[in-house]
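Trainee: Numbering (the UniProt record's numbering), first residue to last: 1 to 183. Can you keep this structure in mind? I'll have questions shortly.
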């Protein structure tokens, strides 16, 4: 079965990293389903039952988003709150739909990797900051497989060396697909 990639980016058209990842994913529709929440739910009214069936029809689940204020965009949090409901994602009466499902995150982090360290500017690693997602998946008995990241997105516009940046971005997009395929 295919991998479902839930993309949550409020302005994907102006994105550099997430937009490139989506372009790469869409080259392989037989392997990946790209589901862009801001395009499907521009009003923020999520059809939880439809989303649950969508997840159930795929083997793996990836949540892809830019890190916003050391968290996810608000629509992804709302999606999690609405879709990962009692009796579906956890609890009794069928609350096992995520059990053993391979799940992972793909994030673009505007800040440089060295700033995401105990000695760095923000004193926390990206792994620490994303731990609420891991805890959510563990609570739902999913098979959490960590995260894939692009660091330094806000500083990496390619102004100094556009060819080097483009080459790095292309490699990163290919590495992203390898990460998903190796879940």
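For glycine and all other residues, C-beta sits at the position ideal for the given N, C-alpha and C. Model, not experiment: these values are computed from the prediction.
Are residue 55 and residue 105 closer than 9 Å when you measure CB to CB?
Mentor: The answer is no: Cβ separation not under 9 Å.
Trainee: Using 8 Å as the cut-off, can you tell me whether the segment 46-53 makes contact with the segment 76-83, which would need three or more C-beta pairs spanning the two stretches below that distance?
Mentor: Yes, the segment 46-53 touches the segment 76-83.
Trainee: Tell me whether residue 99 is buried or exposed, calling it buried when 16 or more other Cβ atoms sit within 10 Å of its Cβ.
Mentor: So residue 99 ends up on the exposed side.
Trainee: Pull up the CB-CB distance for residue 9 and residue 73, whole angstroms please, since I reckon it's below 8 Å.
Mentor: Rounded, the Cβ-Cβ distance is 7 Å, consistent with contact.
Trainee: Have a look at residue 22 and residue 34 and give me their C-alpha separation to the nearest angstrom.
Mentor: C-alpha separation (whole angstroms): 7 Å.
Trainee: In terms of alpha-carbon separation, which member of 179, 181, 166 lies closest to residue 17?
Mentor: Answer by Cα proximity: 166.
Trainee: Looking at the ligand ZN, does it come within less than 8 Å of residue 112, judged from the CB to the closest heavy atom?
Mentor: Absence of the ligand ZN from the depicted structure is noted, as is the absence of any ligand whatsoever, leaving it without description.
Trainee: What do you get for residue 60, buried or exposed, if any count of 16 or more other CB atoms within 10 angstroms of its CB means buried?
Mentor: That one is buried.
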